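Inspection log for the structure reproduced underneath, given as structure tokens.
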Amino acid sequence: MVDTIYAEDEIIGTKKAQEIISKFRHAKVTSIKRFGEVFNPSNQNFRIQKKNPALILAKKQKGFVLDAPKGFGIGDQNNYYFSHMYNCLYDCSYCFLQGMYNSANYLVFVNYHDYQNEIAKTIKKHKEEKITFFTGYDCDSLAMEPITNFINDFVPFFSRYKKALFEIRTKSINNTVFRKHDPLANCIVAYSLMPESLAQILDKKAPSVSARIKNMKYLANKGWRIGLRFDPLIYCSNWKAQYAELFANIFKEIKEENIHSVSFGPLRFPKSFFNKLLQYYPTSEELSFLRSNDKGIISYDQSIENEMNEYCRLELMKYSDARKFFSCG
Amino acid sequence: MIEKNFEGVSVRWVIALKGEAEELIKNYAMKRVETMPFPVYKNKDLDMWLILSGIGQLNAVAATSYLYVKSDASYNTIWINFGIVGSRNFKVGDLIQIDKITSSDFKDNYYPSPSAFKNNNIERCNLITVNKPEKLFENDGAYDMEGYGFFSFAKKIAPYELVSVLKIISDAPGTDLSKIDKHRVERLVSKKIQFIEKVLENLLDLQKILSLQLRDPKYFDEICLQKKFTFSQKVTLRKYLTQWQARFPLRNPLEEIGKRMTASQILKKFSDNLLR
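These protein sequence lines are chains A and B, in that order.
Just so we're aligned: 319 in my numbering is position 319 of the first sequence, and the numbers increase by one with no gaps anywhere.
Heads up, my numbering is the position in the second sequence plus 1000, with the first residue counted as 1.
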């Protein structure tokens, strides 16, 4: 898998860095001063790097916990996200990471304790208020779990803070870590989903949607709470039938009471991200429906967005309580 | 060997001395096309050039920038610095591909992309660029006098993935440098020529991927010839034509354009068609 590892001098000797390095016996390890030397240079090509990504081990210096974008949440008034990793094992065509970063290399910040200290401080700041922490937006934490042991470290941590919700966003069907721990009432395993035929084209290297549903069922039966994330909603010629079938397939397998929340959001990009995507995927029919709106954001036409939101909401109401529905955009 | 009919091939070699370059000049059938200020060689069929920079970082930067302009190198060009180096931890004759470049003069380090190393089984090594021939070899790695200067400029004019530094070990601690003559260097290079070709083949594969990304969509040039588009309109046109091909691969966008339509009317027409 990984044949090149860059490790910052400051953390190369730490237990976590050595634990990760030991998993790649044949990789060449190169010491670096700061991750930016490898990750940040412009003129790198994301698509070429994606063919053979290197692993970068670094120390996060600041910005451990960040405010979630306005309007983003699953019911709590305080929403934060944190990223122990940038870039993903999967290769989804619409992924904003390929527009955001110059590099496709996997960047892992190994100082988990610093994240946990900041999260604890943030929880303390909000005392009795409800608070949610999202992870898995700049990477798929669960997919990389065999390498990073991130969830294995953070599930016990969040078990100490019952009022704080911890969402793990994923497409992975790796359930080993959830078998090792007792289900946590304040942890949501949130699955990104789209119709199977679209996922076959767009969610490259990710498990099939049917495998994701099967895994959600397994986790739900074990007592883990499940989140359904239809984000982004993808427009195509027969999208209504495809989404209706997807919702039916999910609720055929999973009981409504096991669902913590359902959210959906439109496909949107900053202009510069989209231009890169179009360069990378010139033949993608799915990207051909997107337009620049008057705010300089690339999205579907407003009428398409509204129609998709409305249809999906009504369709999902056949199976689930609408109070569980949230918007991501 | 390189396919002669692949139009995207574009390669530039930057090499300090003639002895280091001789085997490559022969292997890729390059002929001298210029002598001053730097000797420059070129293959007559392919867009492949080679420049002899002379020794030292300043020469390497000057020669790279000279060749960039002289050969009208596009962004999507492969740049390779090749030459001999000294090392205490490799054997004389070993071919190495550089994955980290440091300099005795500058604090920034450079890291050539691992994409260029994939599957070639060539040893990887760090390079320390110094200002005079190294005799002490205090650190592991390879010592040269041009790599850092070359890379610092080449990374600005080409994608990181297409800039490579390739070296052959010619001396170790205790080597009498006066005995490293032109013929000895040529022999070292000739023994590794097939591996150098392999490195280049890998880079050419990456170059093909990039060429596809950088290519203008079909009909772009024809439409720009028919009507006058501003720079920003061209950007939009490029985007719409790319989307058009993905959505309507069998519909010719030229047929949508009326004779009296202005550039903005053309863009509006494409936009309306692509909406749903």
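A virtual CB, placed ideally from N, CA and C, is assigned to each residue, including glycine.
Small disclaimer: the values here were computed from a predicted structure and weren't measured.
- At a cut-off of 8 Å between C-beta atoms, P41(A) counts as an interface residue with respect to chain B.
- The contact set of L89(A) on chain B, defined by CB atoms closer than 7 Å, is empty, because the minimum CB distance reaches about 17 Å.
- If you ignore the 5 residues before and after A206(A), its C-beta comes within less than 6 Å of the C-beta of Y90, K171, all in its own chain and listed in chain order.
- The way I'd put it, the segment 1084-1098 of chain B doesn't touch the segment 23-38 of chain A; fewer than three beta-carbon pairs between them come closer than 8 Å.
- Listed in chain order, the non-local C-beta contacts of T1242(B) below 7 Å within the same chain comprise P1217, local neighbours out to five positions each way being set aside.
- One alpha carbon belongs to K1042(B), the other to A1062(B), and they sit about 18 Å apart.
- Beta-bridge analysis with DSSP links S320(A) to no other residue.
- The segment 258-274 of chain A makes no contact with the segment 1220-1238 of chain B; the number of CB pairs closer than 8 Å stays below 3.
- If you check each beta-carbon in the segment 261-290 of chain A against every beta-carbon of chain B, the ones closer than 9 Å belong to F274, N275, L278, Q279, Y280, Y281, P282, T283, S284, E285, E286, L287, S288, F289, L290.
- The three-state reading of DSSP puts A1154(B) in helix, counting H, G and I together.
- Annotation: I250(A) to S192(A) spans about 12 Å, alpha carbon to alpha carbon.
- The alpha-carbon of A58(A) is positioned some 5 Å away from that of F109(A).
- Secondary structure at K1208(B): helix, using DSSP grouped into helix, strand and coil.
- Check the Cα spacing between I1157(B) and each of Y1068(B), Y1148(B), L1254(B), Y1219(B): the tightest is with Y1068(B).
- Among the CB atoms of chain A, one or more fall inside 8 Å of the CB of L1274(B).
- Contact annotation: G1083(B) and I1015(B) have beta-carbon atoms nearer than 8 Å.
- Around the C-beta of E1020(B), 16 or more other C-beta atoms lie within 10 Å, and the residue is accordingly described as buried.
- Taken in chain order, the complete alpha helix (DSSP H) segments of 4 residues or longer contained in the segment 218-279 of chain A are 239-253.
- Burial check for G1174(B): the Cβ neighbour count within 10 Å stays below 16, so the residue is exposed.
- Of K252(A), E285(A), K295(A), the smallest CA-CA separation from S320(A) is found for K252(A).
- Contact fails between the segment 237-244 of chain A and the segment 206-216 of chain A, because fewer than three Cβ pairs, one in each stretch, are under 8 Å apart.
- Selection I21(A), Y161(A), V177(A) evaluated against I151(A) yields V177(A) as nearest (Cα-Cα).
- Nearest CB-CB separation between T1230(B) and chain A: not below the 8 Å threshold.
- One alpha carbon belongs to D1094(B), the other to A68(A), and they sit about 53 Å apart.
- A contact is defined here as three or more CB-CB pairs under 8 Å, and the segment 1115-1124 of chain B fails this definition with respect to the segment 1142-1150 of chain B.
- Cβ contact annotation for V65(A) (same chain, cutoff 7 Å, sequence separation greater than five): Y80, F82, E118, I119, T122, in chain order.
- For the segment 1243-1254 of chain B, the set of residues with a beta-carbon nearer than 8 Å to any beta-carbon of chain A comprises Q1243, W1244, Q1245, A1246, R1247, in chain order.
- As computed with DSSP, S299(A) is found in a beta bridge with R268(A), R291(A).
- As computed with DSSP, D1105(B) is found in no beta bridge at all.
- Under the 8 Å criterion on CB atoms, Q1233(B) is classed as non-interfacial with respect to chain A.
- The secondary-structure analysis by DSSP pairs M1048(B) across a beta bridge with V1011(B).
- For A1063(B), the secondary structure class from DSSP, reduced to helix, strand or coil, is helix.
- For E1256(B), there is no enclosing alpha helix (DSSP H), as DSSP marks it with neither H nor E.
- Taking C-beta separations shorter than 7 Å and ignoring five residues to either side along the sequence, the partners of F72(A) in its chain run N79, C328, following chain order.
- For N1126(B), the CB contacts under 6 Å within the same chain, skipping 5 residues up- and downstream, are K1100, G1141 in chain order.
- Looking at Y6(A), M144(A), F269(A), C139(A), the one whose alpha-carbon comes closest to that of G99(A) is F269(A).
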